[in-house]
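Colleague: Going by the numbering used here, the first residue of the sequence shown is number 3, and it counts up by one from there.
One structure coming up, written as structure tokens, with questions to follow.
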Amino acid sequence: MLQSGETANGTTPLVDRQHPHDLFMGLTAKLTHRFSDDASVFGSVGYPGETPFGPTAFMHRASGEDFPTAPISHHWFDSGHITMGVVTGGFTKGPLTAEVSQFTGREPDQHRFNLDPVRLDSTAVRLWWQVTPALKAQASWARQVAPEQLEPDVNLRRQSLSFEYSDGPLSATLAWGRKQAEHGTEKPADAWLAEARWQFTDKWSALGRYERVYNDELVATPYWVAKTEIGGMRTFTIDDMTSVNVGVVRQFNTVPEALKPIYGKHPDGTVAFVALKFHRMKM
Numbered sequence: 003m004l005q006s007g008e009t010a011n012g013t014t015p016l017v018d019r020q021h022p023h024d025l026f027m028g029l030t031a032k033l034t035h036r037f038s039d040d041a042s043v044f045g046s047v048g049y050p051g052e053t054p055f056g057p058t059a060f061m062h063r064a065s066g067e068d069f070p071t072a073p074i075s076h077h078w079f080d081s082g083h084i085t086m087g088v089v090t091g092g093f094t095k096g097p098l099t100a101e102v103s104q105f106t107g108r109e110p111d112q113h114r115f116n117l118d119p120v121r122l123d124s125t126a127v128r129l130w131w132q133v134t135p136a137l138k139a140q141a142s143w144a145r146q147v148a149p150e151q152l153e154p155d156v157n158l159r160r161q162s163l164s165f166e167y168s169d170g171p172l173s174a175t176l177a178w179g180r181k182q183a184e185h186g187t188e189k190p191a192d193a194w195l196a197e198a199r200w201q202f203t204d205k206w207s208a209l210g211r212y213e214r215v216y217n218d219e220l221v222a223t224p225y226w227v228a229k230t231e232i233g234g235m236r237t238f239t240i241d242d243m244t245s246v247n248v249g250v251v252r253q254f255n256t257v258p259e260a261l262k263p264i265y266g267k268h269p270d271g272t273v274a275f276v277a278l279k280f281h282r283m284k285m
């Protein structure tokens, strides 16, 4: 509920639905040259690859990977984690990493088993700062050409700022994102996210997420909507490389009065999930 973005059939937008991902989600080659222990340059080519914009994608960051559903702010922060053509270069010096990229602005179409055309018509810049071993921050900017298949004449300007923390049992992310039509007169669409996972024993974890999004894709008129998620998860360890997570998340959706005839007065829900996870081998 309250999800939006992309299309499943090429003719109508997805609303209150989450789009599937392509079969090929990442085919990337990267080359790094080190000048010293704390200085290096790198370059990468992906088809598909990941655009250097926003925080770590939700399914890869420690605070968000165990939630059973995608955040409603997904298309503000990390919709470029599957990009059909991306060329990136950058450098690292001490705690700072800078990246610049040319990439295909169009998001993947409804055909999930092929590779879409490469255009390299869009630009992204991102700066990472490793504040401490446990805390990192990023700021990013992008000009994205025609991201939506159903709105081919609309280009977007995007900005993002985030902080990610991961140390021992606690992982958390705080993020802000903005997107605005390049030549439009509409108000910028902002999104806020606060997310955490706390593993309070070796078997039990608590999950929490709050989002507030100014969304113009649910209905014709843009509105602020919000989602709060609270849940718990039990981990069953099979071996050093495999585990099973079983959990439940309660979701509370907040909509304005104008949308209550569509969503109801209390558009809440509960999601139960079982997840099989594979881990890297510990040496």
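Every residue gets a Cβ at the ideal spot worked out from N, C-alpha and C, and that includes glycine.
Could you tell me the distance, in whole angstroms, from the CA atom of Phe280 to the CA atom of Glu188?
Modeller: The alpha-carbon atoms of Phe280 and Glu188 are separated by roughly 44 Å.
Colleague: Compare the beta carbon distance of Trp78 and Thr99 with 9 Å and say whether it is the shorter of the two.
Modeller: Against a cut-off of 9 Å, the Cβ pair of Thr99 and Trp78 comes out as no contact.
Colleague: By the three-class DSSP mapping on this structure, what secondary structure does Glu259 have?
Modeller: Glu259: helix per DSSP, three-state reduction.
Colleague: Go through its chain and collect everything with a Cβ distance to Val43's Cβ below 6 Å, but skip five positions before and after it.
Modeller: Correct list, in chain order: His35 and Phe93.
Colleague: Roughly how many angstroms lie between the CA atoms of Ala31 and Val248, to the nearest whole one?
Modeller: Using only the alpha carbons, I get a separation of about 35 Å.
Colleague: Indicate whether Asp40 and Gly96 have their beta-carbon atoms separated by less than 9 Å.
Modeller: Cβ distance < 9 Å, so Asp40 and Gly96 count as in contact.
Colleague: What did DSSP end up calling His21 once you bin it into helix, strand or coil?
Modeller: It is coil, neither helix nor strand.
Colleague: By how many angstroms is the C-alpha of Asp242 removed from the C-alpha of Thr14?
Modeller: Answer to the nearest angstrom: the Cα atoms are 45 Å apart.
Colleague: Work out the CA separation of Asp204 and Arg145 for me, nearest whole Å.
Modeller: Going from the Cα of Arg145 to the Cα of Asp204 covers about 43 Å.
Colleague: Would you report the Cα separation of Arg180 and Leu158, rounded to the nearest angstrom?
Modeller: So the alpha carbons of these two residues sit roughly 10 Å apart.
Colleague: Pull up the distance between the alpha-carbon of Trp206 and that of Glu231, whole angstroms please.
Modeller: Computed Cα separation, rounded: 17 Å.
Colleague: Whose C-beta lies closer than 6 Å to the C-beta of Val276 among residues of the same chain, with five residues either side of it excluded?
Modeller: Cβ within range, chain order: Val248.
Colleague: If contacts are defined as beta-carbon pairs under 8 Å, then Ala59 and Ser173 qualify, I think. What distance do you get, rounded to the angstrom?
Modeller: Contact doesn't hold; Cβ gap of about 14 Å is too wide.
Colleague: Helix, strand or coil: how does DSSP classify His303 here?
Modeller: Residue 303 cannot be examined here, being either before or after the span of the chain that is shown, 3 to 285.
Colleague: What residue from Trp194, Pro119 and Ala126 has the CA that sits closest to Tyr49's CA?
Modeller: Measuring from the Cα of Tyr49, the nearest candidate turns out to be Pro119.
Colleague: So what does DSSP say about Gly28, is it helix, strand or coil?
Modeller: DSSP places Gly28 in coil when its eight states are reduced to three.
Colleague: Taking Cβ to Cβ, would you say Pro54 is nearer than 9 Å to Ala141?
Modeller: No, Cβ-Cβ distance for Pro54 and Ala141 is not below 9 Å.
Colleague: Can you tell me the Cβ-Cβ gap for Glu52 and Val88, rounded? I've got them flagged as a contact below 8 Å.
Modeller: Right, their Cβ atoms sit about 7 Å apart.
Colleague: Out of curiosity, what's the CA-to-CA distance linking Gln5 and Ser46?
Modeller: The straight-line gap from Cα to Cα measures roughly 31 Å.
Colleague: Whole angstroms are fine: how far does the CA of Gly56 sit from the CA of Arg128?
Modeller: So the alpha carbons of these two residues sit roughly 8 Å apart.
Colleague: With distances taken from CA atoms, which of Glu101, Gln182, Phe115 and Val227 is nearest Gly28?
Modeller: The shortest Cα separation from Gly28 among Glu101, Gln182, Phe115 and Val227 belongs to Phe115.
Colleague: Can you give me the C-alpha to C-alpha distance between Gln161 and Leu176, rounded to a whole angstrom?
Modeller: Rounded to the nearest angstrom, the two C-alpha atoms are 15 Å apart.
Colleague: Using CA coordinates, which residue listed in Arg199, Met86 and Ser38 is at the minimum distance from Ser103?
Modeller: Comparing Cα-Cα distances from Ser103 to each of Arg199, Met86 and Ser38, the minimum goes to Met86.
Colleague: By Cβ distance below 7 Å, which residues in the same chain neighbour Gln132 in space, the five residues on each side in sequence not counted?
Modeller: Hits under 7 Å: Pro97 and Lys138.
Colleague: Quick check: what's the CA-CA separation for Gly170 versus Glu153?
Modeller: So the alpha carbons of these two residues sit roughly 44 Å apart.
Colleague: Per DSSP, Gly45 forms a beta bridge with which residues?
Modeller: Paired residues: Leu33 and Gly91.
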